[in-house]
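Here is the structure we will look at, set down as structure tokens.
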Amino acid sequence: MSDLSIVTGPLSLYFAPVGIAFPLVDDDPPTGFTLIGTSGAKNYMEDGVSVSMNQSIEVFRGLGSTAALKAFRIEEDVVVTVQMADLTLAEVRRALNENAVTNTAAASGIPGKDEINLNRGLDVNTIALLVRGIGKSPQFDTGNLQFELDKVYEGGSQELTFVKGEPAGVLLEFHALENDAGLVGRLLAQTAVAL
0 MSDLSIVTGP LSLYFAPVGI AFPLVDDDPP TGFTLIGTSG AKNYMEDGVS VSMNQSIEVF
60 RGLGSTAALK AFRIEEDVVV TVQMADLTLA EVRRALNENA VTNTAAASGI PGKDEINLNR
120 GLDVNTIALL VRGIGKSPQF DTGNLQFELD KVYEGGSQEL TFVKGEPAGV LLEFHALEND
180 AGLVGRLLAQ TAVAL
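Just so you know, we're using numbering that gives the first Met the number 0 here: the sequence shown kicks off at 0 and counts up by one.
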């Protein structure tokens with residue numbers, strides 16, 4: 000029995016503008032994809048990256064039977080979550096609808112600072128999301144595993160807790176939206192090297 004099928008983390012997240020082409024499963028993320036977290040997975044809490052594929056199903060039971068006769072899927076969601084231990088404003092903005100960071104340079108009597116608005120506003124920003132596991136393919140030794148989500152929005156609620164001895168974390172919760180082809184995303188597992 001091969002142990003390849005048993006996969007552990009860590010996975011790293013990358014974002015890009017909606018509509019960008021995803022990299023081949025064995026290529027480095029191209030220009031346009033940006034690592035989430037200054038150091039990627041090194042900035043993620045020990046809980047790791049979670050990919051939830053939730054669904055709601057209703058069943059029909061006819062008057063003359065106690066058993067279900069047909070099932071209907073009425074809802075499905077794909078949600079990627081990670082708790083990020085990186086409070087640089089360039090990364091915290093992921094949780095704040097990609098709000099701009101304003102930099103004020105230090106001057107005589109004025110300290111330098113970065114600033115970001117906490118309100119997210121009415122419009123919800125969308126991005127493309129790549130979740131990549133280097134060497135994590137369950138089907139090929141040293142192969143990669145990746146989730147490709149064409150269009151997501153960040154929908155996490157924030158509660159930053161500052162205590163002694165534990166890093167404060169920012170919850171990132173990316174919810175997939177259906178693309179023009181009616182899909183929410185893809186899961187790819189590398190099976191061989193390119194010829």
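Cβ atoms here follow ideal geometry from the backbone N, Cα and C, with glycine treated the same way. Treat the numbers as computed from the prediction; the structure is a model and nothing was measured.
Only buried fits Ser-11, as 16 or more other CB atoms lie within 10 angstroms of its CB. Around the beta carbon of Arg-131, a 10 Å sphere encloses 16 or more other beta carbons of the protein chains shown; the residue is thus reported as buried. Collapsing the DSSP output to three states places Val-91 in a helix. Nearest in C-alpha terms to Asn-116, of all of Ile-126, Pro-110 and Asn-102, is Asn-102. Residue pairing of Asp-76 in beta bridges, as defined by DSSP: Asn-53. In the DSSP assignment, Gln-145 falls within the unbroken beta strand (DSSP E) covering 144 to 153. Per the DSSP secondary-structure output, Phe-173 pairs in a beta bridge with Val-79 and Glu-153. Taking the CA atoms as reference points, Ser-55 sits about 16 Å from Leu-176. Here Met-52 is exposed: its Cβ has fewer than 16 other Cβ atoms, across all protein chains shown, within 10 Å. In the DSSP assignment, Lys-69 forms a beta bridge with Phe-59. With respect to Ala-127, Phe-14 sits close: the two C-beta atoms are nearer than 8 Å. Within the DSSP bridge table, the entry for Ser-11 names Arg-131 as partners. The alpha-carbon of Asp-85 is positioned some 11 Å away from that of Leu-159. Check the Cα spacing between Pro-137 and each of Lys-112, Ala-191, Ala-167 and Leu-171: the tightest is with Ala-191.
Under the DSSP assignment, Ile-19 falls outside any beta strand (DSSP E); it carries neither an H nor an E label.
The distance from the Cβ of Lys-150 to that of Val-17 is about 5 Å, consistent with a contact at the 8 Å cut-off.
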